[in-house]
Each structure stands twice: as C-alpha cells, then as structure tokens.
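Below: the structure, in structure tokens.
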Amino acid sequence: MGVSGIATAARLRKSGWRPVIVERAPARRSGGYFIVLFGAGRAAAARLGMLDAVHDRVTKTPKLDIERDGSSRPGMSFSDLPGNPWTMLRGDIEAAAYSVLPDDVEIRYSTVPTAIEQDTDGVDVTLLDTVAGTSSTERFDVVVGADGLRSTVRTLVFGPHENYLRRLGYMVTAFQFHGTPAGLEPGQAVTLLEPGRSMWVFAYRDHDPTVMMTYRTDDVDAEFLRPPAERLRSVFGPRPLGSTLGDVIDAAESAEEILFDSAEQVRMDKWHQGRVVLVGDAAWCVTLYAGMGVSSGLTGAELLGTMLDRHPGDVGAALTAWEEALRPYIDHYLDGALADRKVFVVNSKLEILFRRMVPWLRRFRLGKRLVDRLVRIDEIAKYKNPDIVGEVTGTHKTAAVQQKPAQGPAAHSHPRTNTKPS
Numbered sequence: 001m002g003v004s005g006i007a008t009a010a011r012l013r014k015s016g017w018r019p020v021i022v023e024r025a026p027a028r029r030s031g032g033y034f035i036v037l038f039g040a041g042r043a044a045a046a047r048l049g050m051l052d053a054v055h056d057r058v059t060k061t062p063k064l065d066i067e068r069d070g071s072s073r074p075g076m077s078f079s080d081l082p083g084n085p086w087t088m089l090r091g092d093i094e095a096a097a098y099s100v101l102p103d104d105v106e107i108r109y110s111t112v113p114t115a116i117e118q119d120t121d122g123v124d125v126t127l128l129d130t131v132a133g134t135s136s137t138e139r140f141d142v143v144v145g146a147d148g149l150r151s152t153v154r155t156l157v158f159g160p161h162e163n164y165l166r167r168l169g170y171m172v173t174a175f176q177f178h179g180t181p182a183g184l185e186p187g188q189a190v191t192l193l194e195p196g197r198s199m200w201v202f203a204y205r206d207h208d209p210t211v212m213m214t215y216r217t218d219d220v221d222a223e224f225l226r227p228p229a230e231r232l233r234s235v236f237g238p239r240p241l242g243s244t245l246g247d248v249i250d251a252a253e254s255a256e257e258i259l260f261d262s263a264e265q266v267r268m269d270k271w272h273q274g275r276v277v278l279v280g281d282a283a284w285c286v287t288l289y290a291g292m293g294v295s296s297g298l299t300g301a302e303l304l305g306t307m308l309d310r311h312p313g314d315v316g317a318a319l320t321a322w323e324e325a326l327r328p329y330i331d332h333y334l335d336g337a338l339a340d341r342k343v344f345v346v347n348s349k350l351e352i353l354f355r356r357m358v359p360w361l362r363r364f365r366l367g368k369r370l371v372d373r374l375v376r377i378d379e380i381a382k383y384k385n386p387d388i389v390g391e392v393t394g395t396h397k398t399a400a401v402q403q404k405p406a407q408g409p410a411a412h413s414h415p416r417t418n419t420k421p422s
C-alpha cells in the first residue's frame with residue numbers, strides 16, 4: 001500500500017468514515033528507496049499522529065562529491081537546505097502511516113477496480129479479486145484514487161494516461177545496495193556528477209545504503225528496450241567506470257528489485273470529479289526532483305479529512321475547498337521541478353562548477369546570498385516547510401519543523417459510516 005492511501009484512510013476513519021482500502025498487491029509493500037521529508041511533510045505527519053514513528057536517518061559522515069578516479073571534495077547535502085529536511089526510506093514512512101491505521105479498517109489485497117460509475121448520491125465501483133477471479137459491484141459515498149503515477153482510478157474516471165502524463169526527458173534507476181560500495185566508508189553518502197548523468201549513494205543510520213542513478217534521454221521509449229543495468233553501462237560508458245561506479249552498476253545487475261522508469265509529472269486541471277477524488281502521485285506527481293512527493297501526499301490526506309469535516313453532508317463543496325486550498329502549493333512544486341532537477345542531475349560543466357563551489361561560497365555573506373538565490377532558498381522556506389493545513393485553515397500547530405502498487409495501480413474507496421456495509 002502507498003503512503004498517501006494509508007494516510008488518507010487513517011484520516012477519514014478518524015472523522016467517522018468507514019474506509020475500505022483496495023490494493024492490487026498481495027500484501028503490504030514495506031520496501032522502497034530514498035525520500036526526503038520537508039517541514040510541510042513533518043507538520044502533516046504530526047497532525048496525522050504519525051510523527052513520533054518517523055526518524056531522520058541522516059548519518060554524521062559528511063557527504064562527498066566524487067570522481068571516477070576516487071578523488072573527492074565536500075558536497076552539498078539536503079541538511080544544507082532550510083528547515084533541515086529529514087532523509088529516510090520510503091518503508092519508514094509506510095510503516096509510520098500504517099501504525100496509525102485503525103485495526104477496523106478493511107484492507108482487500110489482490111483487488112483492483114475495473115469500472116466506476118457515479119450519480120449525485122454515491123459511486124458504484126466494480127472490484128475484481130485477481131486471485132479468485134471474481135467481481136462484485138459495491139456502492140460508496142466517496143472514492144479516493146491514491147494509486148500512483150499510472151492510476152487506474154484516474155483512467156476509469158478522468159481518461160487515458162496520455163492526457164495527463166508529462167515526460168521530463170530523464171530516466172531514474174533506484175535499488176538497494178547490500179553492504180558498502182567499493183571505495184567508500186560505511187555510512188558515507190556520495191554523489192558522482194557528470195553532464196547529463198549522475199549517481200547518488202544515500203547512506204542511512206542502521207540501514208544499508210540505497211542507490212539512485214538518473215540521466216537525460218532524448219527517447220524515453222527506447223530506454224525500455226534493454227535491461228536497466230545494460231542501459232546504465234551504456235550511459236556511463238565507454239570511459240572506465242572506476243571502483244565505486246563500477247561496483248554500483250554491478251549491483252544493479254544483480255539487484256532483487258530495481259526501479260527503472262522515466263521521470264514524469266501528472267498535470268491535471270482538476271483533481272476531483274463528482275464524488276471521485278485523486279490524491280498524491282495519481283493527481284499531481286511532482287517527480288523525485290521536487291522532493292515533495294511524500295510530504296504533499298501526507299498534506300493532501302490530512303487536508304482532505306479536514307475539508308470533509310468542515311462541509312458535512314456536502315462532498316462536492318468539501319472537495320472543491322480542498323483543491324482550492326492545496327493547488328497553489330502543488331502548482332509551485334510542479335513548476336519548480338525542472339529547476340530542482342539541478343540538485344540531482346546537471347546538464348553542463350558550468351552547472352557542475354557551480355555545485356563544486358557551493359560549500360566554499362556559503363562561507364561568505366555575499367556568496368551565501370548568491371547560492372540561496374540560485375537554490376531558491378526563500379521559495380523552499382515558503383512552500384516546502386510550512387504547516388500547510390494550518391496556513392489554509394488558520395489552525396497552526398507546532399511540528400518538528402503513495403496508493404502506489406508494485407506493478408500497477410490500485411484504488412481507495414471510502415464509504416461513510418451510514419452507508420450500506422461493504
């Protein structure tokens with residue numbers, strides 16, 4: 001189950017709804033890779049009651065930028081950004097969200113929606129049990145599609161993927177690395193930056209590192225014609241790989257699970273239609289470059305419950321108020337993703353030179369101002385760190401300031417307590 005979906009179900013149950021979680025996978029998906037949690041995400045987690053179960057896994061070892069030959073220099077880390085964003089694994093957030101999900105919330109694994117029809121009073125959802133091969137149609141008051149980038153709920157209600165997916169022209173690979181990559185110390189986080197391609201090794205307290213590799217491409221479809229490790233060898237070749245990069249690509253070849261996908265955004269003019277609403281990546285995938293996927297998903301879940309509370313008996317008004325309040329923040333994340341891309345992958349030697357100068361420039365007042373302006377520090381503080389729910393509702397709280405399936409989409413259906421039992 002994805003983080004946005006679990007969080008939404010937990011929040012709606014708190015308000016008296018009877019959520020039914022529909023999940024394509026046969027069991028919980030507790031794995032995952034690197035994520036960063038900005039202040040907005042921590043504020044939402046606090047409101048959802050899950051912040052105490054979330055911990056920053058950052059290591060004390062300074063981050064380095066490395067070269068293929070093993071040379072290194074101090075690198076820019078996420079802790080340099082305002083609000084001290086926390087770094088952790090996707091599984092950490094999933095476990096925290098699951099910990100606040102009441103035991104009486106029904107979860108149906110190996111189940112997918114195949115049809116969604118609605119009228120002014122409710123939504124009829126046809127669900128397929130993929131193990132038994134049987135289908136049934138049930139009625140709900142609200143359907144929440146929190147089923148990721150290639151959402152089935154979005155397709156059934158809003159139309160085909162091509163109407164909403166926007167490719168950025170980059171590929172992303174991520175996987176678990178067992179042990180420590182060659183040439184590195186345990187707990188060492190590093191980045192290798194070259195024009196149009198990069199390798200990141202994310203280090204964590206009490207956990208093996210994960211790897212992310214991202215690169216520019218002019219033909220996304222062609223990228224899927226060969227295995228991921230083969231593509232990586234081609235993209236990072238033909239120069240000698242060196243010990244660390246070579247070890248990482250070898251690990252990609254033998255990884256039990258590997259994410260290999262294009263960086264794509266979801267752009268929609270409207271996130272709800274009638275009594276069906278999309279949350280998280282299904283509605284607004286901002287890409288990993290924005291660093292706000294989980295934070296925005298938690299915020300969307302908490303705010304959805306808040307607006308439904310404020311508009312009892314009027315789902316349409318609640319969903320309209322929810323979207324109007326949240327959209328300015330999400331639009332900012334979407335619009336800034338390509339600029340934020342420069343944190344993860346650079347396209348020129350000039351961008352690399354600037355990155356290398358950042359630690360030195362930040363030692364001086366004028367240099368720090370220049371860096372802050374180019375990295376958009378003020379915008380990060382304004383849009384990524386505040387208690388968004390508190391801002392839009394006037395209920396500020398002090399904080400420590402994805403339903404996305406393994407192989408395909410799923411749905412979340414949320415019936416009210418006075419509806420026909422499901």
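319 is the number that full-length UniProt numbering gives to position 319 of the sequence shown; each next residue is one higher, with no gaps. We treat Cβ as the ideally placed atom computed from N, Cα and C, and that holds for glycine. Predicted model only: the values in this text are computed from it and were never measured.
- For the options S77, G70 and V54, the alpha carbon positioned closest to that of T61 is the one of S77.
- V266 is a Cβ neighbour of A283, given a cutoff of 8 Å.
- Beta-carbon to beta-carbon, Y98 and I6 are separated by about 6 Å, close enough to satisfy the 8 Å threshold.
- Counting along the chain, E324 sits inside the alpha helix (DSSP H) bounded by residues V315 to F344.
- Close CB contacts of G336 within its chain, under the 6 Å cut and outside five residues either way in sequence, are absent.
- Counting the other Cβ atoms within 10 Å of the Cβ of L48 gives 16 or more, which makes it buried.
- DSSP, read as helix, strand or coil, puts P160 in coil.
- The distance from the Cβ of Y333 to that of A290 is about 5 Å, consistent with a contact at the 8 Å cut-off.
- The C-beta distance from D208 to Q188 rounds to 12 Å, too long to fall under 8 Å, and the pair is not in contact.
- Here T306 has V389 and T393 as same chain residues with Cβ atoms under 7 Å from its own Cβ, once five neighbours each way along the sequence are excluded.
- Counting only runs of at least 3 residues, the segment 181-260 fully encloses the following beta strand (DSSP E) elements, listed from N- to C-terminal order: 190-194, 197-204 and 207-216.
- In the three-state DSSP reduction, P113 falls in the strand class (E or B).
- Note that the C-beta distance between M1 and R28 is below 8 Å.
- Residue state for W17 is assigned as strand, using DSSP reduced to three classes.
- Relative to the Cα of E256, the nearest Cα in the group L245, P228 and G242 belongs to P228.
- By the C-beta density criterion, S296 is buried, having at least 16 other C-beta atoms within 10 angstroms.
- Sequence-distant partners of I116 (beyond 5 residues in either direction) whose C-beta falls short of 6 Å from its own C-beta, in its chain, are V125, L156 and V157.
- Between L193 and D340 the beta-carbon gap is near 15 Å, outside 8 Å, which marks them as no contact.
- One Cα belongs to R355, the other to A318, and the distance between them is close to 44 Å.
- If only complete runs of 3 or more residues are kept, the segment 33-84 shows the beta strand (DSSP E) at 34-37, 64-66 and 72-74, in order along the chain.
- Of the residues D221, A251 and R239, the one whose Cα lies closest to the Cα of T210 is A251.
- C-alpha of R363 to C-alpha of R369: approximately 10 Å in a straight line.
- E23 sits in coil when the DSSP states are folded into three classes, being neither helix nor strand.
- For R365, the secondary structure class from DSSP, reduced to helix, strand or coil, is helix.
- In terms of Cα proximity to T137, the closest of S151, P113 and L350 is P113.
- Distance check between V248 and each of D219, E162, F260 and M213 places M213 closest, using alpha-carbon atoms only.
- Within the same chain, and ignoring the five residues on either side of L241 in sequence, the residues whose Cβ sits closer than 7 Å to its Cβ are R68 and I249.
- Taking 8 Å as the cut-off, the Cβ atoms of A44 and T299 count as close.
- The C-beta distance from L37 to P102 rounds to 23 Å, too long to fall under 8 Å, and the pair is not in contact.
- Per DSSP, S99 is one residue of the alpha helix (DSSP H) stretching across R90 to S99.
- DSSP places D281 in the uninterrupted alpha helix (DSSP H) bounded by D281 to W284.
- Our two residues, M50 and V100, have alpha carbons roughly 6 Å apart in a direct line.
- Put simply, the backbone Cα of F224 is about 8 Å away from that of D261.
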